[in-house]
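Below you'll find the structure, written out as structure tokens, and then a few comments.
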Amino acid sequence: MKFEKINDDKIKITLSSADLEANDLDLHSFMSDSSETQSLFLSVLDKAEKDYGFITDNYQLKVETYALDNGTFMLTITRSRSKNEPERKKFKVSRKVPNMSTASLIYRFNTFEDFCNFAEFLSTSELGNVDKISKSSLLYSYNDYYYLIFNDVNVKYPNLRSFYSAITEFGTYIEYSDALAAKLHETATLIIKNHVVKVATKYFVK
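Per the working numbering, residue 100 is the first one in the sequence shown, and the count goes up by one each step.
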């Protein structure tokens, strides 16, 4: 667990997979705001206050979380004064989503079933033809995770923001990098080479 104080009102914490395991958490349960997640947050805040002077009593807290491509998690905690100075700490946790102008996207799913659940959701949703979101899409298997890549994203797609919100219920947004994309291309197992959602819906969704 690594702490970095950005300024008086913001601190960044890096959590490794070992940190999550030590608290009986995995990536999926960490993003689900479980009781274990809240317990870990409180432990993090206690350490931030004790070791870095980052006091959170009588502050409202905004906690942003996102995954890095090396399997670690990043938390950015921002405090702000509450008008009513509540006695209990309040958490506002927001999932990391891409910038609306992002040309390429990577999402990681904990299991193939999670990915199929996402594909099934899209097949019954009103988001429209997902193939229109990007010119190409690929699904890889790597280190027991499944990575979905969208290339040449259509930033003018009308339901793009809704799509970004929906997919984070099933998988985790990964900050895109050419190095990660190349690594997956070279070392991962290609499961579906294009039209990922359409193929998954046809062959894997009951």
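Positions of the beta carbon are idealized from the N, C-alpha and C atoms, including for glycine. These figures come from a predicted structure and were not determined experimentally.
- Closest in C-alpha terms to E212, from the list N228, D243 and E135, comes D243.
- Looking only at F220, E285, S203 and L114, the smallest Cα-Cα distance to F140 is reached by L114.
- When the beta-carbon positions are compared, L238 and I291 come within less than 8 Å of each other.
- Within a 10 Å sphere around the beta-carbon of Y151 sit fewer than 16 other beta-carbons, which makes this residue exposed.
- The three-state reading of DSSP puts D156 in coil, since its state is none of H, G, I, E or B.
- In this structure, the CA atom of Y272 is about 10 Å from the CA atom of L247.
- Unbroken alpha helix (DSSP H) stretches of 4 residues or longer found wholly inside the stretch 247–297: 259–266 and 277–286, given in chain order.
- Listed as beta-bridge partners of M100 by DSSP are no residues whatsoever.
- Annotation for S233: F249, N250, D251, V252 and N253 place their beta carbon closer than 7 Å to its own, counting only its chain and skipping 5 residues before and after.
- About 5 Å separates the beta carbon of I205 from that of Y275, a gap short enough to meet the 8 Å contact definition.
- The bridge partners DSSP lists for L238 are L247 and I291.
- Collapsing the DSSP output to three states places N122 in coil.
- By the CB criterion at 8 Å, I105 and V143 fall outside the cutoff.
- No residue range can be given for L226, since it is assigned to no alpha helix (DSSP H) and is classified by DSSP as neither H nor E.
- Where I110 is concerned, the enclosing beta strand (DSSP E) starts and stops at K109 to L114.
- T136 is classed as buried because its beta carbon has at least 16 other beta carbons within 10 Å across all chains shown.
- S224 and I266 have their C-alpha atoms roughly 12 Å apart.
- Between Y241 and F214, the CB-CB gap reaches or exceeds 8 Å.
- Setting aside the 5 residues that flank it on each side, T300 is surrounded in the same chain by A218, E219, L221 and S222, each with a C-beta closer than 8 Å to its C-beta; the list follows chain order.
- DSSP places S142 within a helical segment (H, G or I) once states are collapsed to three.
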